[in-house]
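One structure is given below, encoded as structure tokens.
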Amino acid sequence: MIVAVAGQKGGAGKTTVAVNVAAEGLARGLRVLLVDADPQGSARTWAAVGEEGGYPVPTVVVGDASMHTTLPTRAKSFDLVVVDTPPRAGDVQRAAIIVANVTVIPCGPSGVDAWALATTSDVLAQARAVKPKLRAAVVITKQRPRTLVGRTAREVCEGAGFQVLRTELTDRVAYIEAMNAGRGIGVYAPRDPGAEEVRAMFDELITLAGGKV
């Protein structure tokens with residue numbers, strides 16, 4: 381299964397989603413490849429910190445605009461491939477979406493965050509011209525429960541025709557702490573509610589991709 385984590389807006393939590401999906405796959409005994417296609421290299425740094433700490437980390441490689449032709453062959457050696465894309469539309473993001481079985485689009489909790497998905501929608505449309513059965517869904521991130529702003533993004537996304545995962549990732553300190561430690565929240569703080577959020581998101585992505593990994 382190849383999962384692309386995409387989206388136009390920076391700060392929505394793409395890298396947090398990417399590394400936690402990769403870490404959850406690793407925790408489930410899968411062979412995981414993490415492709416860092418973001419020039420900032422945050423996913424690579426996360427893995428390097430984890431490796432320095434002696435923790436299991438996925439295999440990490442750099443991705444570019446040729447992924448749609450090179451990644452399928454490389455992916456055969458792994459059960460799960462996660463691609464962290466740059467925070468802007470372009471050839472790299474388009475290549476990742478084309479090659480992926482499923483694309484997950486992190487979106488912050490406000491209507492402003494959801495409005496920024498317009499460009500991502502255009503990239504998805506272009507990718508679907510090449511890959512008609514492409515599957516994609518939004519995941520609401522940095523959610524603040526029991527607030528009006530927490531409901532706005534879901535309403536805007538669904539109104540714009542996006543599929544939205546049932547799982548939402550809440551604004552939690554444990555996500556930041558786990559990232560700083562080079563670990564996934566599921567192993568860093570397994571009893572934290574955020575760990576359950578990631579497990580539920582992972583299960584939804586498997587279902588969206590066709591029910592197997």
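Residues in the sequence shown are numbered consecutively from 381, following our numbering. For each residue, glycine too, the CB sits at the ideal point set by N, CA and C.
Have a look at Cys487, Ile382, Lys522 and flag the residue whose alpha-carbon is nearest the alpha-carbon of leucine 451. Here residue 451 refers to the residue found at position 71 of the sequence shown. Cα-wise, what sits closest to leucine 451 is Ile382.
Where the beta strand (DSSP E) through proline 486 begins and ends: Here residue 486 refers to the residue found at position 106 when the sequence shown is read from its first residue. Element bounds for proline 486: 482-487.
Residue ranges of each beta strand (DSSP E) within the segment 505-576, 3 or longer: 515-520
Can you list, in chain order, the residues of its chain with a C-beta nearer than 6 Å to that of leucine 410? Leave out the 5 residues immediately preceding and following it. Looking up residue 410 in the sequence shown gives position 30. Closer than 6 Å at the Cβ level, and outside the excluded window around leucine 410, lie Asp459, Leu460.
Quick one: is alanine 417 buried, meaning 16 or more other Cβ sit within 10 Å of its Cβ, or exposed? If you number the sequence shown from 1, residue 417 lands on position 37. Buried is the call here.
Check each candidate in Gln388, Asp502, Gly541 and name the one with the smallest Cα separation from glycine 488. Numbered from its first residue, the sequence shown carries residue 488 at position 108. The residue with the shortest Cα to Cα distance from glycine 488 is Gln388.
Beta-carbon gap between arginine 531 and valine 503 smaller than 7 Å: Looking up residue 531 in the sequence shown gives position 151. Looking up residue 503 in the sequence shown gives position 123. Result no, Cβ atoms of arginine 531 and valine 503 do not sit closer than 7 Å.
Buried versus exposed call for glutamate 548 [16 or more other C-beta atoms within 10 Å across all chains shown]: Translated into positions along the sequence shown, residue 548 becomes position 168. With 16 or more other Cβ atoms within 10 Å, it is buried.
Own chain residues within Cβ distance below 8 Å of glycine 564, not counting five before or after: In the sequence shown, counting from the first residue as 1, residue 564 sits at position 184. Same-chain partners within the cutoff: Val399, Asn400, Ala402, Ala403, Glu404, Leu406, Ala407, Ala558, Val578.
How many Å lie between isoleucine 477 and valine 397 at the Cα? Your numbering for residue 477 matches position 97 in the sequence shown. Your numbering for residue 397 matches position 17 in the sequence shown. One C-alpha to the other measures close to 16 Å.
Could you check where the alpha helix (DSSP H) with valine 401 kicks off and where it finishes? Numbered from its first residue, the sequence shown carries residue 401 at position 21. 394-407 is the extent of the alpha helix (DSSP H) around valine 401.
Pick from Pro570, Leu588, Val463, Ala423: whose alpha carbon is nearest that of valine 544? As a first step, residue 544 is located in the sequence shown; it is residue number 164 there, counting from the start. Valine 544 has its Cα closest to that of Leu588, out of Pro570, Leu588, Val463, Ala423.
Whose C-beta lies closer than 6 Å to the C-beta of alanine 516 among residues of the same chain, with five residues either side of it excluded? As a working mapping, residue 516 is identified with position 136 in the sequence shown. Here the set comprises Thr483, Leu504.
Going by the CB atoms, is the gap between valine 463 and alanine 569 shorter than 7 Å? Your numbering for residue 569 matches position 189 in the sequence shown. Your numbering for residue 463 matches position 83 in the sequence shown. Cβ atoms of alanine 569 and valine 463: not closer than 7 Å.
Which partner residues of alanine 384 appear in the DSSP bridge assignment? Sequence index remark: in the sequence shown, residue 384 carries index 4 (1-based). Per DSSP, Val463, Thr483.
Provide the residue(s) that pair with leucine 414 in DSSP beta bridges, ordered along the chain. Taking the first residue of the sequence shown as position 1, residue 414 is located at position 34. According to DSSP, which records beta bridges pairwise, leucine 414 is partnered with Val440, Val462.
By the three-class DSSP mapping on this structure, what secondary structure does glutamine 473 have? Translated into positions along the sequence shown, residue 473 becomes position 93. Of the three classes helix, strand and coil, the one that applies to glutamine 473 here is helix, per DSSP.
Is the CB-CB distance between valine 472 and alanine 445 below 7 Å? Along the sequence shown, read from residue 1 onward, the residue named residue 472 stands at position 92. Along the sequence shown, read from residue 1 onward, the residue named residue 445 stands at position 65. Yes, Cβ-Cβ distance for valine 472 and alanine 445 is below 7 Å.
Buried versus exposed, by CB contacts within 10 Å (16 or more), isoleucine 586: What you label residue 586 is simply residue 206 of the sequence shown in a count that begins at 1. Per the 10 Å Cβ criterion, buried.
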